[in-house]
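Counting along the sequence shown from 1, when you hit position 325 you're at 328 in the working numbering, and nothing is skipped either side. Glycine is no exception: its CB is placed at the ideal position from the N, C-alpha and C atoms. Quick caveat, the model's predicted, so the values are computed rather than measured.
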Amino acid sequence: MTEPDPRSTRNASLWIDALSLGRRIRASGLPHFLLALVSIQGASYLAQFAIARLVSPADFGIVRTVEATLGLALIVATAGIPSLAIKSIAAMPTPALQGRLLRRLLSLVAITSAITACVLVVGAPSIVATAAQPWLARLAFLLVPMSLARTAINFFQGIRQVQRISLYVACAALAGVATITHLVATRGLAGWIGGRYLGELMIAAVAAALCWRYIRLDEVLPVEVHPRLLLSEGVTLSLSLLVRAATDNVPVLALGWFAVAASDIGFFGLASLVAAALLLLPGALNSLALAPLVAALRNESVDARRLLLRLHAYSALLTVPLALLLLALLPVLLRSFAPAFLPGVHLLQALLLVVPLRGATTTSGGAMFAAGKVATGLRFNLLVLACSLGSLVLLVPSYGAAGAVGTIVMTEVIAALLFTSGAWRALAKSGGPSN
4 MTEPDPRSTR NASLWIDALS LGRRIRASGL PHFLLALVSI QGASYLAQFA
54 IARLVSPADF GIVRTVEATL GLALIVATAG IPSLAIKSIA AMPTPALQGR
104 LLRRLLSLVA ITSAITACVL VVGAPSIVAT AAQPWLARLA FLLVPMSLAR
154 TAINFFQGIR QVQRISLYVA CAALAGVATI THLVATRGLA GWIGGRYLGE
204 LMIAAVAAAL CWRYIRLDEV LPVEVHPRLL LSEGVTLSLS LLVRAATDNV
254 PVLALGWFAV AASDIGFFGL ASLVAAALLL LPGALNSLAL APLVAALRNE
304 SVDARRLLLR LHAYSALLTV PLALLLLALL PVLLRSFAPA FLPGVHLLQA
354 LLLVVPLRGA TTTSGGAMFA AGKVATGLRF NLLVLACSLG SLVLLVPSYG
404 AAGAVGTIVM TEVIAALLFT SGAWRALAKS GGPSN
């Protein structure tokens, strides 16, 4: 009898393992959550890619400046409530309690987002360069539907039913992108304003319709989710996220503060946009892993650190191949898609190097949040932001956009080291074997 070929046996085993991993990933809801997340956050990025093709680099610099500022303001506007819509709702035992808590969270985020929008309108002259100020003021109240939609959609992640909404949200988001692209093509940057509002309102309307049956339910909530306690935890989380987002977005704002050429701001803006779009993948993995991490920390028979290691491996699988592929294809893609941005290709290639590092930071930060180490994460982010600001002041006046890229690379290395070690320590007391 002929003995089986060891190589064929090994290949068959690897194929079976790959199929098993694929089934587990599908059962976890990751593809559906990726679809929902990319549809919401990715729609904005996709629309900006379309805008980059339709306008000059200088005008695109305005778009990126305003969108970066809105990204920061959104963290303040939501006060950490979308994240609580996963964590707090996952702890509610009945649909009635989940629906009642969702209603409370939506009420809170509507108030905080409206207040933030008013502050943004008044403070626009002190936040962005003169050319971007009128555009930021006109888009400020976009924060309200954005905050409501993200809270409602994260609710379905909290009850582990994201599969039910992903396709609806994706259709609404793609319709929004098509609307923005058409309006910018016909009306320039003025069409960008109307398209952004229409797109976000469509997503918010779909999310509200899908949540309606839960919002109508009613039951007395426990004292642990009193509005004051929710806001206290949410604001602490929001501060940590805000500092992290400031580290991401301050470089593009600094280019305006130091009067770097508008075209260079546009080149850097496209580079940061591509990197941010790739980071949607580890961000989705982090959100999806939050509930299992919380459960692992409560279960003394489970080693949460082993789960964290698996999450790091998945994050690397999601980011490294894409980053390397884009690194090789960028010149060709830019020559075909947006040749006006070709002079900035080296900036984009350099920023791709930080994507896997940021994936590791995001995963570790989620583990620290699950372990209740929000304050520690805030301290880490403050340290990283301080390093970023100091580096920007030193490098941008002399090196312009290249100095901003160098700052991002340096701060991502520091952040990855801090958060990875912090997450390991945070999970060190969880149950299970440590080997």
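Asked, Found
"Contact under 9 Å by Cβ, N289 with T365", "yes"
"R67 vs S394 beta-carbon contact at 9 Å", "no"
"Runs of alpha helix (DSSP H) lying entirely within the segment 75-109, each at least 4 residues, in chain order", "84-93"
"Buried versus exposed, by CB contacts within 10 Å (16 or more), L397", "exposed"
"CB contact flag (L328, V348, <9 Å)", "no"
"P436 classed as buried or exposed, judged by whether at least 16 other C-beta atoms fall within 10 angstroms", "Because the pLDDT at P436 is just 41, under 50, the model does not fix this residue reliably, and the point stays unresolved."
"Cβ pair A207, P148 closer than 9 Å", "yes"
"C-alpha gap between L24 and Y217, whole angstroms", "Interpretation of L24 is limited by its pLDDT of 47, a score under 50 that renders its predicted location unreliable; no figure is taken from the coordinates."
"Helix, strand or coil at R382 [DSSP, three-state]", "helix"
"Range covered by the alpha helix (DSSP H) that runs through L420", "A404 to A429"
"Span of the alpha helix (DSSP H), counted from its first residue to its last, around F261", "Careful: F261 lies outside any alpha helix (DSSP H) and carries neither H nor E."
"Alpha helix (DSSP H) segment containing E203, residue limits", "L192 to I218"
"Helix, strand or coil at G375 according to DSSP, with G and I counted as helix", "coil"
"Nearest-angstrom Cα separation, counted from G269 out to L224", "49 Å"
"Residue interval of the alpha helix (DSSP H) (run including S339)", "A307 to F340"
"Closest by C-alpha distance to A279, when choosing among L311, T322 and R309", "T322"
"Nearest-angstrom beta carbon gap, L282 and V358 [assumed within contact, 8 Å]", "6 Å"
"V125 burial status per 10 Å Cβ neighbour count (16 or more: buried)", "exposed"
"Buried versus exposed, by CB contacts within 10 Å (16 or more), R199", "buried"
"Element boundaries [alpha helix (DSSP H), containing V348]", "V348 to L355"
"S169 to V387 span [Cα, whole Å]", "34 Å"
"Distance CB(S69)-CB(W138) smaller than 9 Å", "Residue identity differs from the one stated: residue 69 is Val in this sequence, not Ser. Yes; because the gap between Cβ atoms is below 9 Å, this pair is in contact."
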